[in-house]
Amino acid sequence: GGIITQTPKFLIGQEGQKLTLKCQQNFNHDTMYWYRQDSGKGLRLIYYSITENDLQKGDLSEGYDASREKKSSFSLTVTSAQKNEMAVFLCASSILGGDTQYFGPGTRLLVL
Amino acid sequence: AQSVDQPDAHVTLSEGASLELRCSYSYSAAPYLFWYVQYPGQSLQFLLKYITGDTVVKGTKGFEAEFRKSNSSFNLKKSPAHWSDSAKYFCALEGGASSSFSKLVFGQGTSLSVVP
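As they're listed, the protein sequences go chains A and B. According to this note's numbering, the residues represented by the first sequence are 6 to 117, in order. According to this note's numbering, the residues represented by the second sequence are 30 to 145, in order.
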């Protein structure tokens, strides 16, 4: 088994601020993902990284940057936080070409 | 384009009853289909998946789902339901073997409340 760790657990930011969320996995998975979960909606894919040196935009990439620092870690940056924004950001990982994704506990973002 | 629809935002039923959560999908080829569960305050956990073969798949926690190509559905079932099944359930689709690289498309989720 393995585990996905996301830091911080809670993130409070100011409008216009650049905010970074971090994700670490010890599954030794090749592929990692960032999703956004808004209340009452499903998960939407922001960025994903198929292998260590890869970066792909998802359906919701505008306003975000991502970085795959090494195989085990994947960071997401909110480039300019929007006032009253509130969401949960979920990191996930899977084996290369794998179908089952494993999710981290999430980072809850609130922008004042 | 791929899409997943979970038409019931909330479902409430009594403990001991049978539960069935609905999921329909739209995809032009053979999909891979998944159910995930999110307990309050927790992240998503994998329940079960359909890839190919037997149209009834069994997962963890006593859940099963039936893939019906005829009406593009993948409903989640369990009997009897227990109060601990109260959670939010997400159906998801992946493009399957026909895709060069697949990513999950999620439905909106169904919040299930099982009352004593």
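Where a beta carbon is used, it is the ideal one built from N, C-alpha and C, also for glycine.
Closer than 9 Å to chain A by CB, residue i
| i | result |
| --- | --- |
| Tyr54(B) | no |
| Glu123(B) | yes |
| Val33(B) | yes |
| Ala38(B) | yes |
| Lys90(B) | no |
| Gly82(B) | no |
| Ala45(B) | Here the sequence assigns Gly to residue 45(B), which means Ala is not the residue at that position. So no, Gly45(B) is outside the interface. |
| Leu141(B) | no |
Where residue i falls, given that 16 or more other Cβ within 10 Å makes a residue buried
| i | result |
| --- | --- |
| Lys87(B) | exposed |
| Pro60(B) | buried |
| His34(A) | buried |
| Gly136(B) | buried |
| Gln71(B) | exposed |
| Phe108(A) | buried |
| Phe15(A) | exposed |
| Val144(B) | exposed |
Beta carbon proximity, residue i to chain B, threshold 9 Å
| i | result |
| --- | --- |
| Gln87(A) | no |
| Phe15(A) | no |
| Lys27(A) | no |
| Ala45(A) | First, the residue type needs correcting, since residue 45(A) is Gly and not Ala in the sequence shown. Yes, because at least one Cβ of chain B sits closer than 9 Å to the Cβ of Gly45(A). |
| Thr12(A) | no |
| Gly111(A) | yes |
| Gly6(A) | no |
| Arg49(A) | yes |
| Gln106(A) | yes |
Residue range of the unbroken beta strand (DSSP E) whose run includes residue i
| i | result |
| --- | --- |
| Tyr53(A) | Leu48 to Ser54 |
| Gln31(B) | No beta strand (DSSP E) contains Gln31(B), which DSSP labels as neither H nor E. |
| Gln30(A) | Leu24 to Gln30 |
| Cys96(A) | Met91 to Ser99 |
| Ala138(A) | Outside the modelled stretch of chain A, which goes from 6 to 117, sits residue 138(A), for which no answer is possible. |
| Gly21(A) | Segment: none, Gly21(A) is in no beta strand (DSSP E) and carries neither H nor E. |
> Between the region 97-108 of chain B and the region 46-53 of chain B, do three or more beta carbon pairs fall short of 8 Å?
Replying inline: At 8 Å Cβ cutoff, the stretches touch.
> For the region 30-50 of chain A against the region 96-114 of chain A, are there 3 or more C-beta pairs whose distance is under 8 Å?
Replying inline: A contact exists between the region 30-50 of chain A and the region 96-114 of chain A.
> Using a beta-carbon distance cut-off of less than 7 Å, what residues from the region 55-69 of chain B approach chain A?
Replying inline: Residues passing the 7 Å Cβ filter: Tyr61.
>> Taking contact to mean 3 or more Cβ pairs, one atom from each stretch, closer than 8 Å, check whether the region 85-93 of chain A and the region 59-67 of chain A are in contact.
In response: Using a Cβ-Cβ distance cut-off of 8 Å, the region 85-93 of chain A and the region 59-67 of chain A are not in contact, since fewer than three pairs of beta carbons, one from each stretch, lie closer than that value.
> Which of the residues in the region 67-101 of chain A, read from start to end, lie with their CB under 7 Å from any CB of chain B?
Replying inline: Within the region 67-101 of chain A, Leu95 place their CB atoms closer than 7 Å to a CB of chain B, listed in sequence order.
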